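Notes to accompany the following structure.
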Amino acid sequence: MSLQGMNHFTILAEDLGLTVRFYTEILGLKEGYRPPLGFPGAWLYAQEPTDKTGQAVLHIVAGRPMPNPRAGVIDHMAYTAKDLAATLATLEAHGIQYVKRKQTGAVGTWQVFFHDPNGARVELDFAAAEGD
Numbered sequence: 002m003s004l005q006g007m008n009h010f011t012i013l014a015e016d017l018g019l020t021v022r023f024y025t026e027i028l029g030l031k032e033g034y035r036p037p038l039g040f041p042g043a044w045l046y047a048q049e050p051t052d053k054t055g056q057a058v059l060h061i062v063a064g065r066p067m068p069n070p071r072a073g074v075i076d077h078m079a080y081t082a083k084d085l086a087a088t089l090a091t092l093e094a095h096g097i098q099y100v101k102r103k104q105t106g107a108v109g110t111w112q113v114f115f116h117d118p119n120g121a122r123v124e125l126d127f128a129a130a131e132g133d
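The sequence shown lines up with residues 2 to 133 when you count with the working numbering.
In structure tokens:
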């Protein structure tokens, strides 16, 4: 077996609309085709989906009870991103608290961490040249 790359993340949502708006308005993902699975949800894409063959990077599942206590094995989901300044401005405009830090070492990637409306932790990675 040989892995080819990450396929998608799946998160549980209490409020499907709020969660979709978060990922589309804050992160710029695009809502697209989702097969009729028999339960509420959405599939989000990094690029504008043109047909049923695109690759959804985030699956959102709604209409199911949330685990109590909330627990899981995924610590966070990370995305490569561009335009650090605009991203921070968007987070601030939406009142989203975040932590920004620079990785130590030669690469110096800027990382921004925050939580979605369901408590899932999101990491955005920016090139070192985008930082202060």
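For every residue, glycine included, the Cβ atom is placed at its ideal position computed from N, Cα and C.
Keep in mind that this is a model prediction, so the values were computed, not measured.
* Asked: If you scan the segment 38-97 from start to end, which runs of the beta strand (DSSP E) of 3 or more residues do you find wholly inside it?
  -> 42-46, 57-63 and 78-81
* Asked: Can you tell me whether DSSP reads THR25 as helix, strand or coil?
  -> helix
* Exposed unless 16 or more other CB atoms sit within 10 angstroms - verdict on ASP16 -> exposed
* Asked: In terms of residue numbering, what span does the beta strand (DSSP E) encompassing ARG122 cover?
  -> 122-127
* Asked: Going by the CB atoms, is the gap between ARG22 and MET78 shorter than 9 Å?
  -> no
* Within 10 angstroms of the Cβ of LEU30, are there 16 or more other Cβ atoms? Answer buried if so, exposed if not. => buried
* Asked: Exposed or buried, what is VAL108 when buried is set at 16 or more other beta-carbons lying within 10 Å of its beta-carbon?
  -> exposed
* Asked: For ALA82, which residues from the same chain have a beta carbon less than 7 Å from its beta carbon, with the 5 sequence-adjacent residues on both sides left out?
  -> THR88, LEU125, ASP126 and PHE127
* **For THR105 and GLU26, the rounded distance between their alpha carbons** => 30 Å
* To do: For VAL113, I'd like the list of residues in its chain whose CB is within less than 6 Å of its CB, leaving aside the five on either flank, ordered along the chain.
  => TYR99, LYS101 and LEU125
* Please report the Cβ distance between VAL62 and GLY42, rounded to the nearest whole angstrom; I am assuming they are in contact, meaning their Cβ atoms lie under 8 Å. => 5 Å
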